[in-house]
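Engineer: Counting from 32, one number per residue, gives the positions in the sequence shown under this note's numbering.
First, the structure itself, so that you have it in front of you.
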Amino acid sequence: MTYDLAGKRVWVAGHRGMVGGAIARRLADEQCEVLTVGRETLDLTDQRAVLDWMRKERPQAVFLAAARVGGILANSTYPVDFLRDNLLIETAIFTGAHDVGVEKLLFLGSSCIYPKFAPQPIQEDALLTGELEPTNEWYAIAKIAGIKLAQAYRQQYGCDYISAMPTNLYGPGDNFDLNSSHVLPALIRKVHEARLIGAPVQVWGTGSPRREFLYVDDCADACVHLMKVYSDKGHVNVGSGEDISIMELTRLVMDVLDYARGEVVTDPSKPDGTPRKLMDNSRLRSFGWAPQVSLREGVARAYAAFLDQAQSAA
Ligand code: GFB
């Protein structure tokens with residue numbers, strides 16, 4: 032172990048998001064004090080306000096899980112929000128972390144940082160070797176900047192800042208809004224609603240792209256693990272190591288939600304995005320970590336969370 036969280040003041044930036052929420056849940060098993068702050072109190076794009084808050088709260092470790100996120104349609108519809116807001120959040124938090132002497136910071140990126148046609152499974156050193164996928168290049172550029180900020184602070188000031196690149200995540204606390212969500216929460220909602228009326232399930236694009244999925248609590252566990260054992264400049268892929276086509280995923284969700292008899296229709300007017308995005312997770316595994324939740328089990332849990340979220344919203 033290179034870093035001990037016990038007894039530390041640990042800020043989870045973005046604790047109301049799906050990933051930040053899972054990290055905060057996971058930290059309950061560590062003997063640390065978890066700090067959180069909501070957006071009504073602190074605007075994370077406001078560098079001055081972030082600095083003031085960090086000087087007052089004095090976190091010793093930071094999980095930087097705050098970001099503007101969304102699925103393929105939101106990413107391509109709101110390029111300014113995805114580029115500018117994420118750059119501002121990152122700059123504000125890195126600046127504050129250095130100012131108050133944060134001992135360790137973990138920055139969360141995304142697998143979309145890699146080139147559209149990177150060799151599969153994608154190794155960490157594929158970064159910046161080719162063109163990005165146009166539907167999410169704005170978000171990708173902001174996340175690449177975050178990796179570089181962590182490396183720059185390490186190089187110039189010797190700060191122990193590290194970066195983790197999660198694959199497509201899903202689970203409790205996900206966004207189920209069909210215009211802005213990722214594919215898995217969208218399919219859970221679409222299959223649930225189609226089953227109620229016996230309608231076909233609508234799948235965007237051709238259904239042929241392949242994606243890798245990781246249950247969010249597995250991701251949180253990997254992040255806490257990396258915080259404790261990893262200290263170097265290279266970013267680390269966080270994934271399950273398996274991918275599946277969107278059509279196969281649709282059938283799996285239909286099976287789990289007991290709608291295997293339903294019909295599927297594709298909508299080729301919607302973008303496919305990158306054809307395949309499977310990361311090589313051998314580096315993370317070499318640090319003694321492996322995922323616990325299978326895709327089938329994760330979908331069942333995510334569906335239970337969807338029903339809970341729908342009930343509490345009603
Ligand atoms: O999850 P998703 O929105 O994002 O879409 P990306 C994955 C694939 O699922 C695409 C297809 O090929 C979509 O066309 N898909 C099928 C659907 N039906 C649906 C649907 O109802 N909703 C959605 N959203 N997709 C995101 C990036 O890329 O991945 C982000 O835009 C981030 O920046 C995230 O990196 C992890 O996997 O294509």
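Using N, Cα and C, we set each Cβ at its ideal position, and we do this for glycine too.
From residue 342 to residue 320, what does the alpha carbon distance come to, in whole angstroms?
Structural biologist: Each residue's alpha carbon lies about 35 Å from the other.
Engineer: What does the alpha-carbon distance come out to for the pair residue 92 and residue 114?
Structural biologist: Computed Cα separation, rounded: 25 Å.
Engineer: Who are the near neighbours of residue 63 in its chain, counting only those whose CB is closer than 8 Å to its CB and skipping five residues on each side?
Structural biologist: Once the five neighbours on either side are set aside, the close Cβ partners of residue 63 are 36, 37, 38, 39, 40, 41, 92.
Engineer: Would you mind giving the Cβ-Cβ distance between residue 201 and residue 192, rounded to the nearest angstrom? I have them listed as a contact below 8 Å.
Structural biologist: Their Cβ separation, rounded to whole angstroms, is 27 Å, which puts residue 201 and residue 192 out of contact at 8 Å.
Engineer: In the DSSP output, what is residue 42 paired with across the bridge?
Structural biologist: For residue 42, which the question treats as bridged, DSSP gives the partners 66, 93.
Engineer: Quick one: complete beta strand (DSSP E) runs, 3+ long, within the stretch 84-148?
Structural biologist: Counting only runs of 3 or more, we get 92-95, 135-139.
Engineer: What distance in whole Å lies between the Cβ atoms of residue 190 and residue 129, which are believed to be in contact at a cut-off of 8 Å?
Structural biologist: With a Cβ gap of about 6 Å, residue 129 and residue 190 count as contacting.
Engineer: Could you check how far apart the C-beta atoms of residue 178 and residue 140 are, in whole angstroms? I think they sit under 8 Å.
Structural biologist: Confirmed, Cβ separation roughly 6 Å.
Engineer: Once DSSP output is grouped into helix, strand and coil, what is the label at residue 320?
Structural biologist: In the structure shown, residue 320 sits in coil (DSSP, three-state: anything other than H, G, I, E or B).
Engineer: Secondary structure at residue 294, three-state DSSP: helix, strand or coil?
Structural biologist: Residue 294: coil per DSSP, three-state reduction.
Engineer: Just to confirm my understanding: we take residue 154, look at its own chain, exclude 5 residues before and 5 after, and list those with CB closer than 7 Å. What are they?
Structural biologist: Cβ neighbours of residue 154 beyond the five flanking positions: 311.
Engineer: Taking all protein chains shown into account, decide if residue 240 is buried (16 or more other Cβ within 10 angstroms of its Cβ) or exposed.
Structural biologist: So residue 240 counts as buried.
Engineer: Leaving out five residues before and five after residue 206 in sequence, what residues of the same chain have Cβ atoms less than 7 Å from its Cβ?
Structural biologist: Here the set comprises 212, 216.
Engineer: Specify the secondary structure class of residue 195 as computed by DSSP and reduced to three states.
Structural biologist: Looking at residue 195 - three-state DSSP - the assignment turns out to be strand.
Engineer: Of the choices 225, 338, 124, whose alpha-carbon is the least far from that of residue 97?
Structural biologist: Checking every option, the nearest Cα to that of residue 97 belongs to 124.
Engineer: If you count every other CB in all the chains shown that lies within 10 Å of the CB of residue 85, and 16 or more means buried, which is it?
Structural biologist: So residue 85 counts as buried.
Engineer: Return the residue from the list 144, 46, 338 that minimises the CA-CA distance to residue 162.
Structural biologist: Comparing Cα-Cα distances from residue 162 to each of 144, 46, 338, the minimum goes to 144.
Engineer: Going by Cα to Cα distance, which pick from 194, 245, 173 is closest to residue 137?
Structural biologist: Ranking the options by Cα distance to residue 137, first place goes to 194.
Engineer: Measuring from the CB of residue 312, is there a heavy atom of the ligand GFB at a distance below 7 Å?
Structural biologist: No, the Cβ of residue 312 stays beyond 7 Å of every heavy atom of the ligand GFB.
Engineer: Starting from the C-beta of residue 262, find all residues in its chain whose C-beta is less than 6 Å away, skip the five residues before and the five after it, and write them out in chain order.
Structural biologist: Cβ within range, chain order: 33, 191.
Engineer: Is the beta carbon of residue 209 within less than 7 Å of some heavy atom of the ligand GFB?
Structural biologist: Residue 209: yes, Cβ under 7 Å from the ligand GFB.
Engineer: Cα separation between residue 203 and residue 87?
Structural biologist: About 31 Å.
Engineer: Going along the chain, which residues of its own chain have a beta-carbon closer than 7 Å to the beta-carbon of residue 313, five neighbours each way excluded?
Structural biologist: Excluding sequence neighbours, residue 313 sits near nothing in its chain.
Engineer: Would you say residue 296 and residue 231 are within 8 Å of each other, going by their C-beta atoms?
Structural biologist: Cβ distance < 8 Å, so residue 296 and residue 231 count as in contact.
Engineer: Answer with buried or exposed for residue 107, where buried requires no fewer than 16 other C-beta atoms within 10 angstroms of its C-beta.
Structural biologist: Result: buried.
Engineer: Compute every distance between the C-beta of residue 305 and the non-hydrogen atoms of the ligand GFB, then say whether any falls below 7 Å.
Structural biologist: Yes, since a heavy atom of the ligand GFB falls inside the 7 Å radius drawn around the Cβ of residue 305.
Engineer: So with Cβ pairs under 8 Å, would you call residue 289 a contact of chain D?
Structural biologist: Of the protein chains in the structure, only one exists, and it is not chain D.
Engineer: Just to confirm my understanding: we take residue 149, look at its own chain, exclude 5 residues before and 5 after, and list those with CB closer than 6 Å. What are they?
Structural biologist: Only 157 meet the Cβ criterion.
Engineer: Within a Cβ cutoff of 6 Å, which residues of the same chain sit near residue 306, ignoring the five residues on either side of it in sequence?
Structural biologist: Excluding residues within five positions, the ones whose Cβ falls inside 6 Å are 240.
Engineer: From which residue to which residue does the alpha helix (DSSP H) around residue 58 run?
Structural biologist: Looking at the DSSP string, the run of the alpha helix (DSSP H) that includes residue 58 is 49-58.
Engineer: Indicate whether residue 170 and residue 117 have their beta-carbon atoms separated by less than 8 Å.
Structural biologist: Against a cut-off of 8 Å, the Cβ pair of residue 117 and residue 170 comes out as a contact.
Engineer: Does the beta-carbon of residue 214, which I'm using as the reference point, lie nearer than 7 Å to any heavy atom of the ligand GFB?
Structural biologist: Result yes, Cβ under 7 Å from the ligand GFB.
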